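All you need for the working numbering is the position in the sequence shown, starting with 1, plus 97.
Glycine included, every Cβ here is placed at the ideal spot set by N, Cα and C.
Small disclaimer: the values here were computed from a predicted structure and weren't measured.
Contents: one structure, followed by commentary.
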Amino acid sequence: MTSTTTRKFHKDRGLVTRMYFTMFMLGILYAVFALFLLGAGTPLIFVAPIVGIMIVVQYYMSDKLILMSTGAKEVSAEQQPELHRMVKLLADRYGMPMPRVAIIDTAIPNAFATGRNPKNALVAVTTGIQQRLSERELQAVIGHELAHVANRDMRVLAIANFLVTLTSFLMTMLFWNMLFGGMGGRRSNNGGGMMMVYLVTIIVYFIGQLLVLALTRYREYGADHTGAEISGDPGALADALEKISGTVAGIPDKDLRKLQTANAFLIIPAALKGQGSMNLFSTHPPLQERVKRLRELEARMRYGLR
């Protein structure tokens with residue numbers, strides 16, 4: 098059966114180029130920053146291991162942490178046979194092991210996937226998305242979520258977030274040391290130098306955060322593209338995104354807060370009213386652009402193009 102065999106998917110070369118360029122720029126930024134810190138005599142020997150441990154724990158415990166924060170409950174094939182069938186179908190197309198499946202009891206239509214690799218993947222959907230989407234649309238959404246796992250997005254973002262978290266940790270440490278006069282703070286002759294290190298750290302943190310957010314948006318575009326090719330139905334994913342976005346806009350803030358901790362993982366962010374979504378500071382690309390790309394991919398697939 099062709100529907101259950103592993104499928105090859107074509108990557109968007111322009112998108113892949115932009116992702117690699119962003120990762121390259123992130124590496125250059127922190128390489129230059131490390132040289133600056135070493136030249137300024139700032140001790141990193143205690144900071145990097147602490148942050149490294151934090152990121153490693155988060156990386157290996159991500160599935161458990163997000164289940165706890167969202168209230169998602171794992172379900173068996175007996176409890177959710179149709180959902181398991183759908184996930185298994187798409188997992189087979191990716192050539193990955195069957196992920197664990199979870200349900201979040203909320204009217205908010207949404208979904209996410211997590212897992213450091215395909216062997217440790219978990220897919221979660223809300224009861225709201227099951228009720229609001231057609232089978233085609235839900236299958237397309239699950240295809241998108243499994244694409245994050247197949248593309249190893251958790252690994253890429255864990256490395257990127259390590260650098261940003263390291264800068265944040267260092268920035269906090271420098272602030273308190275200057276405040277209380279430690280490490281050449283205000284009461285030392287080196288106060289001016291330490292202030293310069295602090296200001297440079299703030300700038301690097303800001304630029305690094307923007308680069309990581311750009312990377313997360315590119316990963317969403319990549320998951321849209323890969324997921325649509327695997328499901329074979331870009332139009333259904335575009336329809337699902339529009340339907341989810343329109344529904345989320347009408348849900349009260351008190352309900353949206355239930356998924357706030359998982360916002361970066363969700364297929365559509367559960368943004369609170371009045372938060373806005375400035376593109377530079379958003380974890381997700383603009384909905385209109387995602388839908389436009391999917392409609393274009395649908396047209397190319399219809400005529401056998403990529």
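query                                                                                                  : result
Collapsed DSSP secondary structure at Lys108 in the structure displayed                                : coil
Extent of the continuous alpha helix (DSSP H) to which Arg197 belongs                                  : Counting along the chain, Arg197 falls outside any alpha helix (DSSP H), though it belongs to the beta strand (DSSP E) covering Arg197 to Ile201.
contact_flag[the stretch 105–122, the stretch 221–228] where n(CB pairs < 8 Å) is 3 or more            : no
Minimum C-alpha distance to Met291 - residue among Thr269, Thr203 and Gly192                           : Thr269
Three-state secondary structure (DSSP) of Phe362                                                       : coil
Length-filtered (4 minimum) alpha helix (DSSP H) runs lying within the stretch 239–281                 : 250–276
Opening and closing residue of the beta strand (DSSP E) in which Thr223 lies                           : Leu219 to Thr223
Sufficient close CB pairs (3 or more, under 8 Å) joining the stretch 257–275 to the stretch 319–337    : no
Inter-residue Cα distance where the pair is Ala257 and Glu395                                          : 32 Å
Proximity of Leu363 and Asn207 at Cβ, strictly below 9 Å                                               : yes
Reference Arg197, options Thr203, Arg182, Ala218 and Pro349, closest by Cα                             : Ala218
Whole-angstrom distance between Val246 and Tyr156, CA atom to CA atom                                  : 13 Å
For Lys170, the residue or residues it bridges with in DSSP                                            : Ile200
Backbone CA spacing between Lys108 and Ala128 [nearest angstrom]                                       : 29 Å
DSSP three-state assignment for Ala210, whether helix, strand or coil                                  : strand
Cβ neighbours of Ala174 in the same chain (closer than 7 Å, five flanking residues each side left out) : His181
Val345 versus Pro146, Gln176 and Arg229, residue with shortest Cα-Cα distance                          : Arg229
Tyr400 versus Gly329 - alpha carbon distance                                                           : 13 Å
Proximity to Val172 [Cα-Cα], best of Arg252, Ala199 and Ser159                                         : Ala199
Straight-line Cα distance separating Arg387 from Ala244                                                : 15 Å
Buried or exposed (CB count within 10 angstroms, at least 16 for buried), Gly192                       : exposed
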